[in-house]
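Note that the sequence shown ends on residue 399 in the working numbering; no numbers are left out. First the structure, in the form of structure tokens, and then the observations on it.
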Amino acid sequence: MHDVIVIGGGPVGSHVARKLAEVGYGVLVVERRERMGGRVCCTGIISQNCLDTFHIDSNLVLRKANSAKIFSPSEKLIRLWRRENQACIIDRALLDSYMAERARAAGAEYLFKNTVEDIKPETDRIMIKTDSNGNELEYEARVVVIATGFGSKLIHRLGLGESGDFVVGAQVEVENAHIDEIEVYMGREVAPGFFAWLVPTSPQKALVGLLSRYNPKGYLKKLLSSLKVEGKIDYDDGKIDCRGITIKPPARTYSRRLIVVGDAAGQVKPTTGGGIYFGLLSAETAARNLKTALERNDLSAKNLSGYQREWKKELWQELKICYWARRLYERLSDKQIDRIFDITIANGIDKALLEVDGLSFDWHGRAILRLTRQKVITKSIKAIKIPLGFVLNGRSDDR
Ligand SMILES: Cc1cc2nc3c(=O)[nH]c(=O)nc-3n(C[C@H](O)[C@H](O)[C@H](O)COP(=O)(O)OP(=O)(O)OC[C@H]3O[C@@H](n4cnc5c(N)ncnc54)[C@H](O)[C@@H]3O)c2cc1C
């Protein structure tokens, strides 16, 4: 019997696997893909802080960025710029194989081409059933970590609830890009309720993508045509990838002999859909709690609930404020977004925001709170009838 089975060999699953293998536990990672390192629908933007905190090899960085241009629906421009590097665009496919290699070096085993179909917690162990090309196999462990990313049915089947909310991302790599700065596009015609991006990765190459609740591929094709007309890219025909992103966690992320982590647990920034940093932070919390629980041989739901308490202590307020801001943004018309750009530029709010203590690429809550305290912004928000209550009071929900 293994000590730990991790389902899903993405960056978050591999990080938990590595941390537990390093302290001597027998870890098996079960992954449905053939290998790690294949194409993944992800832009791969992480902060310099994320790179440093998790000691990610800087050779994975394709490019660094200290600025971005943000365009309103009518092409008003806000340019965010800081002297120091803010973001690293990493090779996401390489990140997956790199994280898996590190876990392997620590002693974790990987089982590929196996999809976990069922999980059964029992009194003294937990069983998983996998399917590999029609062959059913069973494995057992003391505890299971679900790190399956977006959309796994396992969580719902185990009675942990549905993921609260999600959005779909679509992305394509373009070969002939003629820009050298990240560009972000807003507006209902481009990506209703969300945003689109053009991210240069290496000389001449870029990723173009967007998030949307519906028809992301259709919107992306439209965006590609207009970027081509503007001369920013020479896109002909690339394969568009689509993938969901959980932007609100399920009700519970633990149960007897089981925890859920990463995108599967909704540990994702609701503002941008970025999940690598929060997923890795939560992977650390998961590994720490599991280590203690395994040592004490207490894998009860009550004992593992400490994991949820801890990750929520770290992320919950941030997730709540950002989710609220996300829903607010989704309700804005193009005219209202343009108006907010006007107000921001006229009052120098963009520059003031960049000075906010603690504002970073990863943590947006403080900047959002700061914005809601600007009278001009509050007035505009009230005019579109969105309750400001919990944000202004800073009230938290500690469910
Ligand atoms: C278009 C797009 C752009 C993005 N850009 C960024 C970005 O720039 N920065 C950022 O931080 N985040 C970004 N994200 C989000 C980021 O990709 C995720 O947050 C991150 O991949 C989460 O890692 P994870 O390990 O939790 O899940 P995943 O990376 O999804 O890994 C889950 C793994 O589990 C495996 N699996 C699933 N079900 C099973 C099963 N039943 N049995 C066995 N294996 C299974 C999958 O094959 C997969 O390998 C983006 C997402 C999208 C869609």
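We treat Cβ as the ideally placed atom computed from N, Cα and C, and that holds for glycine.
{"Item": "Cβ distance (whole Å) where residue 279 is taken to contact residue 261 below 8 Å", "Value": "7 Å"}
{"Item": "Contact under 9 Å by Cβ, residue 232 with residue 25", "Value": "no"}
{"Item": "Inter-stretch contact (C-beta, 8 Å, three-pair minimum) for the segment 290-310 and the segment 65-78", "Value": "no"}
{"Item": "Three-pair Cβ contact test at 8 Å for the segment 213-231 versus the segment 83-99", "Value": "no"}
{"Item": "Residues that residue 40 bridges to, as DSSP identifies them", "Value": "Looking at the DSSP assignment, residue 40 forms no beta bridge with any residue, so it has no partner."}
{"Item": "Option nearest residue 187 by Cα separation, candidates 40, 72, 42 and 152", "Value": "72"}
{"Item": "beta-carbon residue 243 near ligand 1 non-hydrogen atom, thresh 8 Å", "Value": "yes"}
{"Item": "Continuous alpha helix (DSSP H) assignments of at least 4 residues falling wholly in the segment 29-87", "Value": "48-53"}
{"Item": "Helix, strand or coil at residue 204 [DSSP, three-state]", "Value": "coil"}
{"Item": "Bridge partners - residue 135, DSSP secondary structure assignment", "Value": "132"}
{"Item": "Residue 166 (DSSP reduced to helix, strand or coil)", "Value": "strand"}
{"Item": "Distance, residue 321 Cα to residue 100 Cα", "Value": "33 Å"}
{"Item": "Boundaries (first-last residue) of the beta strand (DSSP E) holding residue 117", "Value": "115-121"}
{"Item": "Same chain, Cβ closer than 6 Å to residue 397, neighbours up to 5 away in sequence not counted", "Value": "Any reading at residue 397 needs caution, since the residue's pLDDT is 37, under 50, leaving its predicted position unreliable; the model's value is listed next. Same-chain partners within the cutoff: there are none."}
{"Item": "Residues of its chain near residue 354, where Cβ-Cβ distance is below 7 Å and the 5 sequence neighbours each way are ignored", "Value": "80 and 82"}
{"Item": "With 16 other Cβ atoms within 10 Å as the buried cut-off, status of residue 147", "Value": "buried"}
{"Item": "Whole-angstrom distance between residue 78 and residue 185, CA atom to CA atom", "Value": "11 Å"}
{"Item": "Identity of the residues DSSP links to residue 366 by a beta bridge", "Value": "Residue 366 pairs with nothing; no bridge assigned."}
{"Item": "C-alpha gap between residue 160 and residue 180, whole angstroms", "Value": "44 Å"}
{"Item": "Residue nearest to residue 373 in terms of C-alpha spacing, selected from 352, 308, 210 and 97", "Value": "352"}
{"Item": "Among 244, 121 and 2, nearest to residue 170 - alpha-carbon criterion", "Value": "244"}
{"Item": "Closest by C-alpha distance to residue 202, when choosing among 195, 89 and 128", "Value": "89"}
{"Item": "Bounding residues of the alpha helix (DSSP H) (the contiguous stretch that carries residue 288)", "Value": "276-296"}
{"Item": "Continuous beta strand (DSSP E) stretch holding residue 3: start and end", "Value": "2-7"}
{"Item": "Chain C within 9 Å of residue 361, Cβ atoms only", "Value": "The chain labelled as chain C is not found in the depicted structure, where only one protein chain is given."}
{"Item": "Residues bridged to residue 173 [DSSP beta-bridge criterion]", "Value": "207"}
{"Item": "Where residue 267 falls, given that 16 or more other Cβ within 10 Å makes a residue buried", "Value": "buried"}
{"Item": "CA-to-CA distance, residue 349 to residue 8, given in whole angstroms", "Value": "42 Å"}
{"Item": "Residue 173: CB within 8 Å of a non-hydrogen atom of ligand 1", "Value": "no"}
{"Item": "Nonlocal neighbours in the same chain, by C-beta distance under 8 Å from residue 240, ignoring five residues either side", "Value": "170, 171, 172, 217, 220 and 221"}
{"Item": "Contact under 9 Å by Cβ, residue 273 with residue 211", "Value": "yes"}
{"Item": "Identity of the residues DSSP links to residue 322 by a beta bridge", "Value": "Note: residue 322 sits in no beta bridge, so no partner."}
{"Item": "Residue from 37, 319 and 335 whose Cα sits closest to the Cα of residue 112", "Value": "37"}
{"Item": "Which residues DSSP lists as bridging residue 244, in chain order", "Value": "168"}
{"Item": "For residue 185, the residue or residues it bridges with in DSSP", "Value": "71 and 196"}
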